[in-house]
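S.K.: Residue numbers (the numbering used here): 16 to 302. In this text, a Cβ means the ideal position worked out from N, Cα and C, and glycines have one as well. Bear in mind the structure is a predicted one, so any value in this text is a computation, not a measurement. I am attaching a structure below and will ask some questions about it afterwards.
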Amino acid sequence: MSTESDYGIPVREIGSELVEKLSGLMAFVVTGIFLVPIGLLLVTSVKSRTEIFTNPLALPAEFQFENYANAWTTGGFGQYFLNSVIVVGISLVFILLLSSLAAYALVQFDFPADNFMLVFFLAGFMIPPQVLLVPLYTIMNALNLLNTYYSLIFAYIAFGLPFSVFLLRQFFVTIPDTYAEAARMDGCNELQVFFRVYLPLSMPALAAVAIYQFVFLWNEFLYAIIFITDDTLRTLPAGLMAFQGQYSGDWAQLAAGIVIAVTPTVIFFLLFQRQFMRGISMGTTKG
16 MSTESDYGIP VREIGSELVE KLSGLMAFVV TGIFLVPIGL LLVTSVKSRT
66 EIFTNPLALP AEFQFENYAN AWTTGGFGQY FLNSVIVVGI SLVFILLLSS
116 LAAYALVQFD FPADNFMLVF FLAGFMIPPQ VLLVPLYTIM NALNLLNTYY
166 SLIFAYIAFG LPFSVFLLRQ FFVTIPDTYA EAARMDGCNE LQVFFRVYLP
216 LSMPALAAVA IYQFVFLWNE FLYAIIFITD DTLRTLPAGL MAFQGQYSGD
266 WAQLAAGIVI AVTPTVIFFL LFQRQFMRGI SMGTTKG
């Protein structure tokens, strides 16, 4: 007579193995779905115009790397790229500095409105950027900041602070207070405690904030296209739209421009992905 030990365990093992294989197959299919468009984009960016229409799915007979050079110079992507670096770089520095200082104050200082201030920052999540487009445009116009880097920088800093303050505050509360107390006993003032103790210990959280904000700011389109109308000041997302309207039939250069626009975000994430995962996971261990 058969027992469960004779048949039950092998059946469960076979079932678990089958589920594991099906999960692997599903992951492979999903990965392929995402990678196929990326592969087509890369192939299109090094094709000639004729090959794009005659053999859209085939590899090029000869790689046309000059498409990137033409997009960088003739298409103006070099200037768009520089504009994005300036706007995003300055915005990111101020977001990291201001949000880390605010998070430190919320954790270390006891003042009556600290809970209200935290809720005030969190309320920023509830307001979509699209809702503030008209009032911000009116303010920038009144201050004569339209068609300048400042209009985008100020808007980006404002939108980047709520999430950054929240994430850094969640990380700062995991740092033992004894570190700050020991630094104060050694004669450090609050700024020295912040820069010498909290900032070095919070590098994973800062990396997580930097990656999240960099990807968002680098790809931001709505404010970039509304606040900046001068082509020499456009960032990459707005420049891509302008290029598409001007060279609508040049798909090879357009694909090359898209690759140029996307590459910095991929490189930035790959460089800091380990710190990003550490910052996200460590910031949820204590509330």
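1. What does the Cβ neighbour count give for residue 36, buried or exposed, with the cut at 16 atoms within 10 Å?
2. With a threshold of 16 other CB atoms inside 10 Å of the CB of residue 38, please say whether the residue is buried or exposed.
3. Hey, would you say the C-beta of residue 147 is under 6 Å away from at least one heavy atom of the ligand FMN?
4. Could you say which of 127, 258, 243 lies nearest to residue 87 if we only look at CA atoms?
5. When burial is assigned at 16 or more other CB atoms within 10 Å of the CB, is residue 45 buried or exposed?
6. How big is the Cα-Cα spacing for residue 304 and residue 236?
7. Would you identify the three-state DSSP class for residue 63, choosing helix, strand or coil?
8. Does the Cβ of residue 289 have 16 or more other Cβ atoms within 10 Å, making it buried, or fewer, making it exposed?
9. Less than 8 Å between C-beta atoms, sequence neighbours within five positions excluded: which residues of the same chain meet that for residue 116?
10. If we ignore side chains and look at the alpha-carbon of each, how far apart do residue 187 and residue 55 end up?
11. Under 7 Å, do residue 65 and residue 270 count as touching if we go by C-beta distance?
M.R.: The relevant details are as follows:
1. By one-based count along the sequence shown, residue 36 stands at place 21. Burial call: exposed.
2. Indexing the sequence shown from 1 puts residue 38 at position 23. Exposed, since its Cβ has fewer than 16 Cβ neighbours within 10 Å.
3. With respect to the ligand FMN, the structure offers nothing, as it holds no ligand at all.
4. Numbered from 1 along the sequence shown, position 72 holds the residue referred to as residue 87. Selected option, being the one with the closest Cα: 258.
5. As a position in the sequence shown, residue 45 is number 30, starting the count at 1. That one is exposed.
6. Only positions 16 to 302 of the chain appear in this structure, which leaves residue 304 out of reach.
7. Counting from 1 along the sequence shown, the entry for residue 63 is found at position 48. Three-state result, residue 63: coil.
8. Within the sequence shown, residue 289 is the residue found at index 274, counting from 1. Residue 289 is exposed by the Cβ-count criterion.
9. Residue 116 sits at position 101 when you count from the first residue of the sequence shown. Here the set comprises 209.
10. Taking the sequence shown and counting its residues from 1, one reaches residue 187 at position 172. Taking the sequence shown and counting its residues from 1, one reaches residue 55 at position 40. Taking the straight line joining both Cα atoms gives about 44 Å.
11. On the sequence shown, residue 65 is found 50 positions in, with the first residue counted as 1. On the sequence shown, residue 270 is found 255 positions in, with the first residue counted as 1. No. Outside cutoff.
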